[in-house]
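Engineer:
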Amino acid sequence: MSEHYVKVKIHVEQMKSFGEDAEKQGVDAEEEQVAVSSSPPASVSPDPPSITIAGRDVSNTFKHRGKSRIKMGKDDKNICGKHSLDVSLHGGRNVNKLGHERTLHIKGTGKILQGKNNENNGVSMRPSKNIQEDGFKLARKRRPVTVDTSKAKTSLEALKLSIRQLKWKEFPLGRRAPCDIYWHGVSFHDNENIVSGQVNKFPGMIEMLRKINLSRAVRTMQELFPEEYDFYPRSWILPEECQQFSTQIRMVKENDASVNPTFIVKPDGGSQGDGIYLIRDPSDLKLMVGSQAKQAVVQEYIQRPLLIDKLKFDIRLYVLLKSLEPLEIYIAKEGLTRFCTEPYQEPSQKNLSHVFMHLTNYSLNVHSGNFVHSSSQSTGSKRSLSSVLYRLAAKGVDIKKVWSDIIALVIKTTIAVVPELRVYYQAEIPPGKPGPTCFQILGFDILLMKNLKPVLLEVNSNPSMRIEHEQEMAPGVFEYVPSPVDEEVKVGVIRDTLRLMDPGHKRTSISNLRAGGLDHGEEIPMEAEPQDRSPDEGALPSLCLKQVYPKYTKQFNYLRLVERIAALFIRFLGVKGNMRLGPTAFRTFIRTCKLSNSNFSMASVDILYIDITRRWSGTMADSREAGMGLQAFVEAFFYLAGRRFKSQPLREQVASLLELCEAQLETPPPGGEERRSVSCSRAVPRSIRTQTLPHPQLSSPGPLRRAASQDYRLHQRLKPRSLRANLEN
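The C-terminal residue of the sequence shown carries number 864 in this note's numbering, and the numbering is unbroken.
Quick look at the structure:
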């Protein structure tokens with residue numbers, strides 16, 4: 136036996152050198168004879184053998200450059216009870232449960248030799264057929280996905296149910312070893328020092344979806360695309376625009392004395408309806424909290440909402456932002472509707488304080504004596520979205536059109552907030568720094584007007600995923616009891632989000648998407664629902680999350696102008712982790728893109744930088760960094776575009792300046808084939824920028840610029856019904 140192992144050791148060393156050389160040179164190896172005890176000799180080649188153990192195939196067919204095959208001995212009597220050679224399918228895992236095994240790793244070839252000692256079972260070695268089917272069954276038996284739920288907070292119960300349904304492995308107290316998924320309850324920073332895996336929060340999402348920042352982001356898009364972003368009520372930011380608000384309202388009333396609009400005031404950091412109140416006159420604003428000015432947003436109040444049972448209601452829709460680069464958005468097919476608990480009347484001075492009539496927040500109405508907890512999805516103060524849509528359909532409402540408009544609202548809103556999210560992301564996980572990938576479930580609050588037009592109320596970065604509600608069992612005694620409606624909707628959203636983020640599922644490449652649009656005739660690549668389910672997932676229902684982007688890229692990709700501006704901003708930030716441009720970086724941007732001339736000198740550039748930066752630093756009370764942030768840079772970019780292309784509308788001015796800058800930088804817009812992940816290098820390497828191609832016209836960004844302009848013209852020809860025709864129920 137000792138002579139046998141000496142020969143095996145020599146053979147393994149030879150296979151090591153073969154593996155290293157063959158991978159580099161692609162040469163065929165000589166066949167070597169290996170004596171296995173007293174059995175007939177077998178030749179070992181780059182192609183592994185097909186082996187049958189006790190009449191069952193456990194190997195697969197591997198393809199390598201070597202062409203020789205193993206010739207196995209067929210004398211079962213000589214092999215029985217002796218050592219034999221095997222090749223593992225699992226990269227080091229032992230797949231034979233009979234007897235003891237000795238595993239020999241062959242470096243450079245990906246193969247493993249296993250010595251087996253079966254005392255009671257006959258093992259026959261003979262050529263086998265292609266057994267991919269058995270190989271796939273074994274491959275599916277991978278280790279369970281690990282989820283760290285130690286920071287899950289209020290979503291814990293729904294998360295536990297989801298993990299149990301998926302038969303994954305939960306770590307409720309955390310884990311020293313890395314997990315596949317980290318589920319945070321509030322923000323990306325709930326659990327520090329995560330360098331791998333996936334986190335269910337994006338850095339900066341909380342800040343980006345505060346009411347002031349969301350209003351600013353949508354307002355920027357309204358300047359470029361006023362007709363596309365008319366779903367967000369007219370807003371003013373307090374206290375900086377208080378005087379502007381008062382002046383505009385006074386002028387409206389002076390022009391028409393019969394007009395007496397109502398406005399709703401929302402604190403910037405408020406949640407669950409706290410601090411919200413209605414006014415009809417600017418003098419009723421509560422601007423101060425102690426000695427500090429109160430940060431808030433004041434919006435036009437929607438006075439004619441759609442009513443059901445004479446009650447005002449809103450829609451809570453769950454949206455999964457799966458990734459930023461490429462942009463992937465999913466919408467839950469089922470949502471919630473939250474009803475007021477007092478019959479609606481148009482606002483008047485007498486009923487402005489009736490929160491149960493005007494505000495749909497669940498956290499407020501649950502304290503009303505009229506609130507109805509129901510075990511049915513179609514009755515009570517909280518119902519499923521589908522039950523409301525079915526009821527509207529019964530009255531003749533075009534539900535496909537309503538759903539199409541809601542999808543458009545979600546995509547447009549996400550496109551508005553993505554640019555700043557990309558800046559936060561690169562600051563938290565700079566290029567070259569190890570870090571996790573991110574995804575996040577968002578809560579969109581949408582109101583349907585009487586004419587069925589959807590209006591965006593707000594977007595929640597931490598929507599409640601609680602599946603129980605607080606109920607008063609006795610005077611002053613409250614208990615949490617299960618909520619069937621919440622469980623049905625929220626568990627499905629969390630479970631299917633986990634399924635989409637399963638690290639075992641391969642992501643479909645979407646490398647040919649560009650912010651400027653697709654070339655005409657190109658098919659929109661879509662990520663299919665996971666098909667390679669494990670046996671544990673076989674009984675799960677189909678995904679309740681529907682992909683809407685990049686599925687509808689052709690209809691909406693032309694809106695991503697600000698994201699292209701953000702790509703320029705990130706490129707010139709310079710210092711890793713920085714979120715603001717210094718004066719030198721801004722001058723470098725102007726100089727590199729050749730935006731200065733005799734009429735706009737570098738001295739004028741410095742004045743522009745100082746003027747805009749000073750104004751924005753005064754509006755950002757909690758700013759910790761000096762310099763020009765993205766929103767200030769966008770304002771400066773708009774100014775430069777207006778100077779350069781005076782005769783065009785703002786949208787065309789910005790698009791033209793973007794094309795000019797991208798041409799000077801010789802880099803395609805975000806989402807192009809040369810563009811890597813957000814967490815990778817922000818600039819094309821110098822060697823790529825300077826190399827000379829045989830056909831210079833092929834390397835020119837001209838086709839990309841034409842795609843950007845053609846995409847907008849294509850959109851003009853696409854009527855809304857073309858989108859609706861493609862939607863599923």
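Cβ atoms here follow ideal geometry from the backbone N, Cα and C, with glycine treated the same way.
With DSSP as the reference, identify every bridge partner of residue 493, one or two as the case may be.
Structural biologist: Partner(s): none; residue 493 has no beta bridge.
Engineer: With 16 other CB atoms within 10 Å as the buried threshold, where does residue 745 fall?
Structural biologist: exposed
Engineer: Starting from residue 573, follow its DSSP beta bridges and name the residues at the other end.
Structural biologist: 334
Engineer: Please say whether residue 316 and residue 333 have beta carbons closer to each other than 8 Å?
Structural biologist: yes
Engineer: Over what stretch of residues does the beta strand (DSSP E) that includes residue 454 continue unbroken?
Structural biologist: Where residue 454 is concerned, the enclosing beta strand (DSSP E) stretches over 446-458.
Engineer: Under the three-state reduction of DSSP, which class applies to residue 607: helix, strand or coil?
Structural biologist: strand
Engineer: If you draw a straight line from the C-alpha of residue 489 to the C-alpha of residue 590, how long is it?
Structural biologist: About 22 Å.
Engineer: Please return the same chain residues whose Cβ sits closer than 7 Å to the Cβ of residue 592, not counting the five positions on each side in sequence.
Structural biologist: 449, 580, 581 and 582
Engineer: Please say whether residue 433 and residue 370 have beta carbons closer to each other than 8 Å?
Structural biologist: In this structure, residue 433 lies closer than 8 Å to residue 370 by Cβ.
Engineer: What is the C-beta distance between residue 791 and residue 776, in whole angstroms, given that I count them as a contact (C-beta under 8 Å)?
Structural biologist: 7 Å
Engineer: Apart from the five residues just before and just after residue 388, which ones in its own chain have a Cβ nearer than 8 Å to its Cβ?
Structural biologist: 394 and 395
Engineer: Identify whether residue 714 lies in helix, strand or coil by the three-state DSSP scheme.
Structural biologist: DSSP places residue 714 in the coil class of the three-state scheme, outside both helix and strand.
Engineer: When the distance is taken between beta carbons, is residue 696 closer than 8 Å to residue 708?
Structural biologist: Contact: no.
Engineer: Give me, in chain order, the residues of the same chain whose beta-carbon lies closer than 7 Å to that of residue 713; leave out the 5 immediate sequence neighbours on both sides.
Structural biologist: Around residue 713, the same chain offers 562 as residues with beta carbons nearer than 7 Å, after the five sequence neighbours per side are excluded.
Engineer: Taking its Cβ as the centre, do 16 or more other Cβ atoms sit within 10 Å of residue 690, making it buried, or is it exposed?
Structural biologist: buried
Engineer: Using the Cα positions of residue 728 and residue 800, report the straight-line distance between them to the nearest angstrom.
Structural biologist: 7 Å
Engineer: Quick one, are the C-beta atoms of residue 403 and residue 430 less than 8 Å apart?
Structural biologist: yes
Engineer: Please state whether DSSP places residue 469 in a helix, a strand or coil.
Structural biologist: coil
Engineer: Rounded to a whole number of angstroms, what is the C-alpha to C-alpha distance between residue 564 and residue 460?
Structural biologist: 14 Å
Engineer: My understanding is that residue 598 touches residue 629, with C-beta atoms under 8 Å, so please give their C-beta distance in whole angstroms.
Structural biologist: With a Cβ gap of about 11 Å, residue 598 and residue 629 do not count as contacting.
Engineer: What are the uninterrupted segments assigned as alpha helix (DSSP H) that are 4 or more residues long and contained completely in the stretch 377-418, given in chain order?
Structural biologist: 377-390
Engineer: Enumerated in chain order, which unbroken segments of the beta strand (DSSP E) with a length of 3 residues or greater are wholly contained in the stretch 581-627?
Structural biologist: 589-595, 603-609 and 612-617
Engineer: Which ranges does the alpha helix (DSSP H) cover as unbroken runs of at least 4 residues, wholly within the stretch 729-787, from first to last along the chain?
Structural biologist: Whole alpha helix (DSSP H) segments, 4+ residues: 737-754 and 765-779.
Engineer: Alpha carbon to alpha carbon, what distance is there between residue 549 and residue 352?
Structural biologist: 10 Å
Engineer: Mind checking whether residue 336 and residue 350 have CB atoms under 8 Å apart?
Structural biologist: Cβ atoms of residue 336 and residue 350: not closer than 8 Å.
Engineer: Take the Cβ of residue 478 as the centre, count every other Cβ of all protein chains shown within 10 Å, and call the residue buried at 16 or more, exposed below.
Structural biologist: exposed
Engineer: Classify residue 552: buried if its beta carbon has 16 or more other beta carbons within 10 angstroms, exposed otherwise.
Structural biologist: The residue in question, residue 552, is buried, as its Cβ has 16 or more Cβ neighbours within 10 Å.
Engineer: Please state whether the Cβ-Cβ distance between residue 769 and residue 700 is less than 8 Å.
Structural biologist: yes
Engineer: Closest to residue 678 by CA distance: which of 720, 702, 622 and 633 is it?
Structural biologist: 633
Engineer: By the DSSP assignment, the beta strand (DSSP E) with residue 538 in it spans what residues?
Structural biologist: Segment 534-563 is the alpha helix (DSSP H) holding residue 538; no beta strand (DSSP E) there.
Engineer: Determine the closest residue to residue 703 out of 687, 339, 692 and 720, with distance taken between C-alpha atoms.
Structural biologist: 720
Engineer: Could you tell me which residues DSSP puts in a beta bridge with residue 306?
Structural biologist: Per DSSP, 283.
Engineer: Under the assumption that residue 505 contacts residue 476 (Cβ atoms under 8 Å), give the Cβ distance between them as a whole number of angstroms.
Structural biologist: 4 Å
Engineer: Can you tell which of 538, 674 and 498 has its C-alpha closest to the C-alpha of residue 606?
Structural biologist: 498
Engineer: For the beta strand (DSSP E) that contains residue 431, what are its first and last residues?
Structural biologist: Boundaries of the beta strand (DSSP E) harbouring residue 431: 431-435, taken from the DSSP string.
Engineer: Spatial neighbours of residue 545 within its chain, please: C-beta separation below 8 Å, excluding the five flanking residues on both sides.
Structural biologist: Excluding positions up to five away in sequence, the list reads 452, 454, 464, 466, 579 and 683.
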